[in-house]
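In the numbering used here, each residue's number is its place in the sequence shown (first place is 1) plus 1.
Cβ coordinates follow ideal geometry from the N, Cα and C atoms, glycine included.
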Amino acid sequence: MANLARILEDSTAKYPERTAVVFGDTRLSYAQLNGAANQVANLLVSRGIQPGDKVAMSIPNLPYFTIVYFGILKTGATVVPLNILLTSREIAYHLDDSDAKAYFAFEGAPGVPIGDNAWEGFNEVEGVKDFFLIKLDSAAPAPLEGPEYYAPLVSEQPPTFDTVERDDDDTAVILYTSGTTGQPKGAELRHRNMYDNAALGESTFQADETNPDTYLAVLPLFHIFGQTVIQNGSLLYGGTMVMLPRFEAKPAIDLLLKEKVTFFAGVPTMYWGLLGALDETVDVAQIAANLRVAAAGGAALPADIHRQFQEKFGVTILEGYGLSETSPVASFSPWGQPPVVGSIGKPVKGVEMKLIDNDWNEIPDDPEAIGEIAIKGHGIMKGYYKRPAATEDAIHGEWFRTGDLARKDENGYYFIVDRSKDMIIRGGYNVYPRELEEVLMTHPAVSLVAVIGVPHESHGEEIKAVVVKAPGAEITEDELVAWGKEQFAAYKYPRIVEFRDELPMTSTGKILKRELS
2 MANLARILED STAKYPERTA VVFGDTRLSY AQLNGAANQV ANLLVSRGIQ PGDKVAMSIP
62 NLPYFTIVYF GILKTGATVV PLNILLTSRE IAYHLDDSDA KAYFAFEGAP GVPIGDNAWE
122 GFNEVEGVKD FFLIKLDSAA PAPLEGPEYY APLVSEQPPT FDTVERDDDD TAVILYTSGT
182 TGQPKGAELR HRNMYDNAAL GESTFQADET NPDTYLAVLP LFHIFGQTVI QNGSLLYGGT
242 MVMLPRFEAK PAIDLLLKEK VTFFAGVPTM YWGLLGALDE TVDVAQIAAN LRVAAAGGAA
302 LPADIHRQFQ EKFGVTILEG YGLSETSPVA SFSPWGQPPV VGSIGKPVKG VEMKLIDNDW
362 NEIPDDPEAI GEIAIKGHGI MKGYYKRPAA TEDAIHGEWF RTGDLARKDE NGYYFIVDRS
422 KDMIIRGGYN VYPRELEEVL MTHPAVSLVA VIGVPHESHG EEIKAVVVKA PGAEITEDEL
482 VAWGKEQFAA YKYPRIVEFR DELPMTSTGK ILKRELS
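Following this line, the structure appears as structure tokens:
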């Protein structure tokens with residue numbers, strides 16, 4: 002399996018007429034999906050895309066995502082999936098940092114201006130030569146200045162293509178993550194990283210291509226969880242992917258019923274939403290009869306949600322753990338064993354985990370001992386793109402340090418207890434305070450700021466900015482929230498602002514965030 006695109010091609014060869022993707026009334030067979038991806042590949046090659054080039058995309062959970070994703074891979078290029086909630090400023094940063102040569106965007110995504118203004122913000126990014134705008138409206142689009150509409154271009158391309166072979170260690174995908182020190186950085190994931198992680202479906206979920214699952218694709222496919230477990234896992238095992246661009250509990254429940262979904266994966270807030278939307282009109286018994294797998298990740302699953310879901314649907318939610326840098330699944334609740342509620346499970350097949358101290362020394366086995374999780378195995382990234390120092394900090398030999406603190410019980414189950422990084426998890430999305438702080442500091446009314454997470458009933462954590470105003474500055478909380486909304490993706494901007502005269506600090510000038518709330 003040299004090129005990750007082979008998972009689509011192999012399943013197409015075996016099951017050409019099997020339904021691969023469902024979106025509304027649209028149903029694409031494997032043959033149709035593969036042919037459409039071939040058209041994208043031909044378009045890119047006609048524009049000069051070479052193996053190893055980077056091609057970015059901002060597309061929600063629509064068939065276009067999968068078509069473009071595999072079309073890029075078929076050329077031997079590297080896919081750079083971007084969060085569709087990013088603003089134009091953030092998109093421009095990612096295009097520049099990734100050295101993208103081309104960019105596919107869905108018209109109407111928050112950071113993608115519509116129509117004649119669509120090129121604004123991106124036309125000065127060095128290296129991006131082609132900008133393809135995807136439009137759902139079937140009416141003939143007007144000509145644009147800069148970008149080109151996707152549909153008329155791909156319709157001219159043939160539906161056959163000879164996929165470019167790549168080495169297992171070549172980069173298939175660059176996924177942007179971040180840390181507590183600076184701007185987002187791209188994790189380079191190899192073809193073998195992505196394939197081997199998708200192939201965990203057999204051991205973790207009992208996936209079987211002769212009796213394929215129907216997956217509800219509501220996790221964002223630009224995120225590693227949805228991309229590997231849902232999209233790639235579904236296609237590898239000949240499954241059907243039912244796409245829902247945005248999670249809303251009632252539409253999700255309707256699709257669980259209508260499409261007889263057997264595989265649901267989500268973050269805890271999605272399970273919370275599903276349970277809250279149940280009423281006498283919902284045929285819970287029918288959903289339960291179809292549902293085979295329920296998987297959770299992205300944040301700790303409350304024990305009460307675990308219990309309620311088991312009672313309502315008769316299905317045990319299986320919890321797992323991983324990061325973009327691990328492709329992602331590193332540990333999971335063992336299939337067929339009683340769940341250990343609150344645990345992230347045990348290392349999956351082909352993965353080792355251990356607890357370490359700050360100097361990479363392994364913590365001795367002790368159920369009460371806490372250490373940082375380090376991971377070794379097939380999913381570990383190649384490194385951070387163009388950031389050798391950050392890569393060296395994160396990877397020691399074959400081990401990757403996660404920044405997450407945990408303990409391990411006597412049965413080998415791991416339990417997250419804290420995060421050594423300041424990362425906030427809001428509704429399953431990772432939010433990194435340092436990035437927000439650097440931008441907030443550019444506001445003329447802000448002298449000093451600390452961004453923290455505070456508890457929230459449905460989102461897990463909410464984002465709060467504690468601000469010291471610049472001398473003489475006049476600004477209200479609402480005004481700063483509104484300004485932040487313009488600067489950041491919808492899941493990132495601080496909803497809560499508190500003004501203080503000073504921030505608590507150590508003797509060396511480091512802000513004591515633990516004293517803020």
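Query raised in the report: What are the boundary residues of the beta strand (DSSP E) that T392 is part of?
Result: As a first step, residue 392 is located in the sequence shown; it is residue number 391 there, counting from the start. Premise fails: T392 lies in the alpha helix (DSSP H), P389 to A395, not in any beta strand (DSSP E).
Query - Which listed residue (T477, A218, I512 and A6) has its alpha carbon closest to that of I453 - result: Along the sequence shown, read from residue 1 onward, the residue named residue 453 stands at position 452. The option with the nearest alpha carbon to I453 is I512.
Requested in this report: Would you tell me roughly how many angstroms separate the C-alpha atoms of E281 and A208, rounded to the nearest one?
Outcome: What you label residue 281 is simply residue 280 of the sequence shown in a count that begins at 1. What you label residue 208 is simply residue 207 of the sequence shown in a count that begins at 1. Distance between the alpha carbons of E281 and A208: 32 Å.
Query raised in the report: If we ignore side chains and look at the alpha-carbon of each, how far apart do M242 and I225 end up?
Result: The residue labelled residue 242 in the question sits at position 241 within the sequence shown. The residue labelled residue 225 in the question sits at position 224 within the sequence shown. Looking at the two C-alpha atoms, the distance is approximately 16 Å.
Query raised in the report: What span of residues does the beta strand (DSSP E) with G202 cover, start to end?
Result: The residue you call residue 202 lines up with position 201 of the sequence shown. In the DSSP assignment, G202 falls outside any beta strand (DSSP E) and lies within the alpha helix (DSSP H) extending over G202 to F206.
Requested in this report: Please report the Cβ distance between G372 and L406, rounded to the nearest whole angstrom; I am assuming they are in contact, meaning their Cβ atoms lie under 8 Å.
Outcome: Here residue 372 refers to the residue found at position 371 when the sequence shown is read from its first residue. Here residue 406 refers to the residue found at position 405 when the sequence shown is read from its first residue. Contact flag correct, Cβ pair sits at about 7 Å.
Report task. Please state whether DSSP places H460 in a helix, a strand or coil. Result -> Sequence index remark: in the sequence shown, residue 460 carries index 459 (1-based). Of the three classes helix, strand and coil, the one that applies to H460 here is coil, per DSSP.
**Report entry** Buried or exposed by the 16-neighbour rule on C-beta atoms within 10 Å, applied to G298
**Finding:** On the sequence shown, position 297 is the one that residue 298 refers to. G298 should be labelled buried.
Query raised in the report: What residues match up with V294 in a beta bridge as DSSP calls it?
Result: Counted from its first residue, the sequence shown places residue 294 at position 293. Beta bridge pairing from DSSP links V294 with F264.
Query raised in the report: Does the beta-carbon of M354 have 16 or more other beta-carbons within 10 angstroms, so that it is buried, or is it exposed?
Result: Indexing the sequence shown from 1 puts residue 354 at position 353. The residue is buried, with at least 16 neighbouring Cβ atoms inside 10 Å.
Query raised in the report: Near A3, which residues of its chain fall below 7 Å by C-beta distance, leaving aside the five closest residues on each side in sequence?
Result: Taking the first residue of the sequence shown as position 1, residue 3 is located at position 2. Same-chain partners within the cutoff: E166, R167, D168, D169 and H192.
Requested in this report: Output the residue ranges of the beta strand (DSSP E) runs that lie fully inside the segment 324-362 and measure 3 residues or longer, sorted by chain position.
Outcome: For secondary structure counted as the beta strand (DSSP E) over 3 or more consecutive residues, the segment 324-362 holds these complete runs in sequence order: 330-333 and 352-357.
**Report entry** DSSP state of M58 mapped onto helix, strand, coil
**Finding:** The sequence position of residue 58 within the sequence shown is 57, counting from 1. In this structure, M58 counts as strand in the three-state DSSP scheme.
Requested in this report: Can you give me the Cβ contacts of V440 inside the same chain, cut-off strictly under 6 Å, excluding the 5 residues immediately before and after it?
Outcome: Reading the sequence shown from its first residue, position 439 is the one you call residue 440. The residues are Q488.
Query raised in the report: In terms of alpha-carbon separation, which member of E480, A188, A21 and L44 lies closest to Q33?
Result: Taking the first residue of the sequence shown as position 1, residue 33 is located at position 32. If you compare the alpha carbons of E480, A188, A21 and L44 with that of Q33, the shortest gap goes to A21.
Query - Neighbourhood of A42 by C-beta distance below 7 Å, restricted to the same chain and skipping five residues each side - result: Locating residue 42 in the sequence shown gives position 41, counting from the first residue. Closer than 7 Å at Cβ, skipping near neighbours: G72, K75, T76 and F162.
Query raised in the report: Going by C-alpha distance, which of V174, L356, F223 and L275 is nearest K383?
Result: Position 382 of the sequence shown, counted from the start, is the residue given in the question as residue 383. When each option's Cα is compared against that of K383, the closest is V174.
Query raised in the report: Can we say the segment 256-266 touches the segment 282-292, given the rule of at least three CB pairs closer than 8 Å?
Result: At 8 Å Cβ cutoff, the stretches touch.
**Report entry** Residues near F265 by beta carbon distance below 6 Å, same chain, minus five either side
**Finding:** Residue 265 sits at position 264 when you count from the first residue of the sequence shown. Cβ within range, chain order: L217 and A295.
Query raised in the report: Would P340 pass as a contact of T317 if the rule is Cβ separation under 8 Å?
Result: Here residue 340 corresponds to residue number 339 of the sequence shown, with the count starting at 1. Here residue 317 corresponds to residue number 316 of the sequence shown, with the count starting at 1. In this structure, T317 lies closer than 8 Å to P340 by Cβ.
Query - Reduced DSSP secondary structure (H/G/I, E/B, other) of R28 - result: As a position in the sequence shown, residue 28 is number 27, starting the count at 1. R28: strand per DSSP, three-state reduction.
Requested in this report: Quick one: grab the DSSP three-state call for I73.
Outcome: The residue you call residue 73 lines up with position 72 of the sequence shown. Helix.
Requested in this report: Compute the beta-carbon to beta-carbon distance between E210 and G239, rounded to the nearest angstrom, for a pair I have assumed lies under 8 Å.
Outcome: For the purposes of this step, residue 210 is taken as the residue at position 209 of the sequence shown. For the purposes of this step, residue 239 is taken as the residue at position 238 of the sequence shown. About 4 Å separates the beta carbon of E210 from that of G239, a gap short enough to meet the 8 Å contact definition.
Query raised in the report: For A110 versus P52, is the C-beta distance shorter than 8 Å?
Result: Position 109 of the sequence shown, counting from 1, holds the residue named residue 110. Position 51 of the sequence shown, counting from 1, holds the residue named residue 52. It is not a contact, given that the beta carbons lie outside the stated cut-off.
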